[in-house]
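The structure appears right after this line, and notes come after that.
Chains as they are written, first to last, in my numbering: chain A, -14 to 454; chain C, 364 to 523.
Below is the structure:
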């Protein structure tokens, strides 16, 4: 089940909200937990077992770590902690990377190891990172152990952020699990977040996604440079509005239930450097890696050689987190190298370059990165990149004119919506201190809702890019 | 409470044993296949008379089914050389089992459009379309419109 579906919006969500607001406070976490399990089981009836295992195992491991800590038994504290980390990473590693590992082994071994590919459990990368944040923070005494299985289960399985994040660290919701402010104003705020996300996903991402899909279906050799760049730009916008739209919906749903999740995107395409881009893109993943991998490795408070190693390790892992494929590894290392380049070579240069050129520089490398990311494999990615630089079917052709003329207005809209300006203007108009225009705001959000619903009812095309991570 | 905490940790080991059993069950239940799609396609080709069927490219997959071939592990489509024939074979190896529904509904859409097109003047074609095979086996999906669709399905199942 995905948020941008008619069934979720008109059946599942209203029922959950109704039950949630009818039951007393002490039962609210139970309602979230049970409905989250239904939400997950809807698409993954088999893998609900894994989710339940993860909840109960980490709940028990947390209690055990706290128990050994209480008796100052360092040895067993460490054993229990590393075992919990190993089990969580082992589970993620097995379900996500075992097929990839065996495929590559089979490619180099003189004999073939037969294996059965297992489908990737939806959301496993997200909820495993959440359980790890809990176990690590209990071990580091940053949070108290959770002794209520229902509250812990609600945290891990919470359907708003279960499938595509944001990756909510336990420390950020520890207090909210017991005491959270539920109010009409916050609920309304949540609804506006949800509707903005829905509009981004359904009206913007899905429409530009159709342009990318049809260009990607053309053989790279037949693409002119202009068509290839248009396709690349289409994917660049699709992935941003798709993923950030889904994150906004998750944040909005969280608010409706009284939770405050961290913001996952901060206008990444307005960045003035690659370093800046990664402070604004998938913020919850970046901060997870910084907190639990980069800083424990020594961060930047080490000599240059070790700092370079730390950056490359973190970005190799970030790449692999996105999927078990060489292209993701290359994509991660590509960003690692770019960040090192900025840190050690370009820092002074970039400081003196006008903002416009910094923006062009950033978007150029981000778009190249998306080609590697979106292509079925590295070879296809290289062919596509070749087409972008004129090694396909020339520089310009009628196909490019067709796509440009068909999607020009949408591209302009996407460029505008990638920055904060339209939303700022909207807020200034509707919520200015001098005059509140609630009616205008209501009409705007109703329009998004009606248009998105109409689109969802009629369209068969409703992909979700981050579903597979 | 301390006694309880001591006992509760034992649960952990039972859970790990349970997880290992679950994984073993998944691996041996044979739900998904690692078979190469080209080999599966070859077995299906050999099982039936391919006659006027020839292999189509990804653009045709997009045009006829609205599916983006790059989203899947692999796609093999065979279409008839003539617009007046409805024989068609589609084999899709999913990248993720969550894609099952979208492929099935794309196939259903294609089938409905074909039935609309041939209704009224192509009773033989309509009969072939009605007798189609749409088979999902884990991460593989076969759609066959052919007089020997059942044989194609048998070969498809065997090749996984």
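Even for Gly, the Cβ is constructed at its ideal location relative to N, Cα and C.
Asked                                                                                                                                                                                            : Found
Step through the CB atoms of chain A and report whether any lies within less than 7 angstroms of the CB of residue 459 of chain C.                                                               : yes
Since residue 455 of chain C and residue 438 of chain C are thought to touch, with beta carbons under 8 angstroms apart, how far apart are those beta carbons, to the nearest angstrom?          : 5 angstroms
Please state whether the Cβ-Cβ distance between residue 526 of chain A and residue -13 of chain A is less than 7 angstroms.                                                                      : Limits of chain A in this structure are -14 at one end and 454 at the other, which puts residue 526 of chain A out of reach.
Take residue 179 of chain A as the anchor and find which of A/371, A/440, A/430, A/439 has the nearest alpha-carbon.                                                                             : A/430
Smallest Cα separation from residue -2 of chain A: which of A/317, A/241, A/406, A/407?                                                                                                          : A/241
With a threshold of 16 other CB atoms inside 10 Å of the CB of residue 494 of chain C, please say whether the residue is buried or exposed.                                                      : exposed
Starting from residue 417 of chain C and walking both ways along the alpha helix (DSSP H), at which residues does that stretch end?                                                              : Where residue 417 of chain C is concerned, there is no enclosing alpha helix (DSSP H), although the beta strand (DSSP E) it sits in stretches over 416 to 419.
In the segment 348 to 408 of chain A, which residue ranges form an unbroken beta strand (DSSP E) of at least 3 residues, counting only runs that do not cross its ends?                          : none
Only counting the same chain, and skipping five residues up and downstream in sequence, which positions put a Cβ closer than 6 angstroms to that of residue 395 of chain C?                      : 501, 502
Let me see if you follow: with CB-CB separation under 7 angstroms, is residue 49 of chain A close to chain C or not?                                                                             : yes
List the endpoints of the continuous alpha helix (DSSP H) containing residue 72 of chain A.                                                                                                      : 59 to 93
What distance in whole Å lies between the Cβ atoms of residue 463 of chain C and residue 504 of chain C, which are believed to be in contact at a cut-off of 8 angstroms?                        : 7 angstroms
Which residues in chain C have a C-beta closer than 7 angstroms to the C-beta of residue 104 of chain A? List them in chain order.                                                               : 395, 459, 460, 502
In terms of DSSP beta bridges, what is residue 452 of chain C paired with?                                                                                                                       : C/441, C/507
Check each residue of the segment 403 to 436 of chain C: if its Cβ is closer than 8 angstroms to any Cβ of chain A, include it; give the result in chain order.                                  : 420, 421, 422, 424, 425, 429, 431, 432, 433, 434
Could you tell me which chain D residues have their CB closer than 8 angstroms to the CB of residue 45 of chain A, listed as they occur along the chain?                                         : Any reference to chain D falls outside this structure, whose protein chains are A and C.
Which one of A/360, A/35, A/-6, A/415 has the shortest CA to CA distance from residue 202 of chain A?                                                                                            : A/360
Using alpha carbons as the reference points, say which of A/204, A/214, A/187 lies closest to residue 437 of chain A.                                                                            : A/187
Do you know whose CA, among A/300, A/243, A/248, A/220, lies nearest residue 231 of chain A's CA?                                                                                                : A/248
Looking at chain C, is there any beta carbon in it that lies within less than 7 angstroms of the beta carbon of residue -4 of chain A?                                                           : no
Mind checking whether residue 383 of chain C and residue 42 of chain A have CB atoms under 7 angstroms apart?                                                                                    : no
For the segment 120 to 156 of chain A, which segments carrying the alpha helix (DSSP H) assignment without a break, of at least 4 residues, lie completely within its bounds, in sequence order? : 134 to 142, 144 to 147
I'd like to know whether the C-beta of residue 198 of chain A is nearer than 7 angstroms to at least one C-beta of chain C.                                                                      : yes
Which same chain residues end up closer than 8 angstroms to residue 529 of chain C when comparing Cβ atoms and leaving out the 5 residues on each side of it in sequence?                        : Chain C is shown only over 364 to 523; residue 529 of chain C falls outside these bounds and no answer can be derived.
Taking only beta-carbon positions, decide if residue 95 of chain A is within less than 7 angstroms of chain C.                                                                                   : no
Please list the terminal residues of the continuous alpha helix (DSSP H) segment that includes residue 438 of chain A.                                                                           : 423 to 443
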